[in-house]
Amino acid sequence: YSFQDEEDMFMVVDLLLGGDLRYHLQQNVRFQEGTVKLFICELVLALDYLQSRHIIHRDIKPDNILLDEHGHVHITDFNIATMLTKEIQVTTIAGTKPYMAPEMFNSTKPTAYSFAVDWWSLGITAYELLRTRRPYHIRANTSTNEIAHVFRTATVMYPAAWSREMVSLIKKLLEPNPEKRFSQLKDIQDFPYLSDVNWDAVLQKRIMPGFIPTKGRLNCDPTFELEEMILESKPLHKKKKRLAKKEKDTSKSNSSQACHLQKHLEMLQRDFIVFNREK
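Heads up: the sequence shown at position 166 corresponds to 166 in the UniProt record's numbering, and the numbers run straight through without jumps.
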């Protein structure tokens, strides 16, 4: 659902009060393996739905995964999502570099990629939730050539405390070859580690997450709200007053233009003879 006014388009979405996963990582929340396992299950159902609608999200990361008040995950921020069909190939480099799949960084020529890029991002996200750091040392300012070198040479370290099954699952998501990477719901459902999952219960949110956001608190950094109020050239909280002034100024301008036009019409009637077509 959306609507717009003279300045902005507004998109109405569900109210999710649990904050995003990035915020909780910054608050030193340590997600247990069982919690991350459920997150993965819920997110692959979301990715499967997007895939059924021919949508690649291209920016799966903790910042774009919101929690509701019960601790279930929801994907948000579709700013750079794109459609993928048989007729349309996707080659544009888009996303957040530390979460982007290797096939998106072809330095010689643009390479078409598919839904598997979102599943790579899911693997990076799952690793980060468990370890509070990403598996590859890649930053937003890392060059494309450097990133390609990292993927060729780096070895991903998996803590001994993680279960072998979880390590195996993340390895399947972080497979450099997109043809071999887990990128279908069936891949996940057939995986032994997830054989005990009741997928209908996951879909209907009947499984209680191991982490539930604290109720009665903001669950986000209020600094962002203050920045919007202080730094934005057209802050939303002043919109009503701003638009009223704009409407008043427009009304004055229209009145002035009408008066100016009337003077010209009077001059035309006075100084010009109307052509008589019947003569």
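Ideal placement from N, C-alpha and C gives every residue a C-beta, glycine not left out. Just so you know, these numbers come straight off a predicted model, no measurement behind them.
Alpha-carbon to alpha-carbon, residue j and residue i
i      : j      : result
Asp196 : Gln189 : 9 Å
Val13  : Ala46  : 16 Å
Asp20  : Lys245 : 37 Å
Lys279 : Glu266 : With a pLDDT of 49 at Lys279, under the threshold of 50, the predicted position of this residue should be treated as unreliable, and no value is reported.
Glu175 : Glu103 : 11 Å
Ser2   : Phe10  : 5 Å
Tyr49  : Ala116 : 14 Å
Glu6   : Gly18  : 32 Å
Ser143 : Pro110 : 16 Å
Arg270 : Leu243 : 40 Å
Glu179 : Lys186 : 15 Å
Lys263 : Thr223 : 55 Å
His24  : Asn219 : 8 Å
Arg152 : Asn145 : 11 Å
Asn198 : Asn141 : 42 Å
Asp221 : Ala101 : 29 Å
Gln184 : Gln89  : 19 Å
His54  : Arg217 : 37 Å
Lys86  : Cys259 : 58 Å
Asp8   : Leu67  : 27 Å
Phe31  : Gln4   : 39 Å
Ala201 : Val150 : 39 Å
Pair within 8 Å by beta-carbon distance, residue i and residue j
i           : j      : result
Ile60       : Ser121 : yes
Lys205      : His72  : yes
Leu16       : Pro62  : no
residue 323 : Thr82  : The shown model of the chain, from 1 to 279, leaves out residue 323, and the question about it has no answer.
Ile138      : Lys171 : no
residue 328 : Ala154 : The first residue shown for the chain is 1 and the last is 279, placing residue 328 beyond what the model contains.
Ala112      : Thr92  : no
Leu84       : Ser114 : yes
residue 297 : Tyr99  : This structure cannot speak to residue 297, because the chain is shown only from 1 to 279.
Glu69       : Lys215 : yes
Inter-residue CB distance, residue i and residue j (contact presumed, cutoff 8 Å)
i           : j      : result
Ala126      : Ile40  : 6 Å
residue 287 : Met166 : Nothing about residue 287 can be reported from this structure: the residues present for the chain run from 1 to 279 only.
Leu38       : Ile207 : 6 Å
Arg181      : Trp119 : 6 Å
Leu173      : Phe191 : With a Cβ gap of about 10 Å, Leu173 and Phe191 do not count as contacting.
Member of the options whose CA lies at the smallest distance from the CA of residue i
i      : options                        : result
Ile212 : Ser143, Ser52, Thr35, Tyr136   : Thr35
Leu203 : Leu43, Tyr23, Val29            : Leu43
Phe78  : Thr85, Ile88, Gly95            : Gly95
Arg131 : Cys259, Pro159, Lys240, His70  : Pro159
Asn28  : Arg152, Lys263, Asn145, Arg133 : Arg133
Asn177 : Pro209, Gln89, Phe105, Asp8    : Phe105
Ser163 : Cys259, Leu67, Ala101, Tyr193  : Tyr193
Alpha helix (DSSP H) runs wholly inside the segment 151–197, at least 4 long, in chain order: As far as the segment 151–197 is concerned, its whole alpha helix (DSSP H) runs of at least 4 residues are 164–173, 185–189.
Contiguous beta strand (DSSP E) assignments of at least 3 residues, all confined to the segment 4–37: 9–11
Sequence ranges, beta strand (DSSP E) only - wholly within the segment 82–158, length at least 3: none
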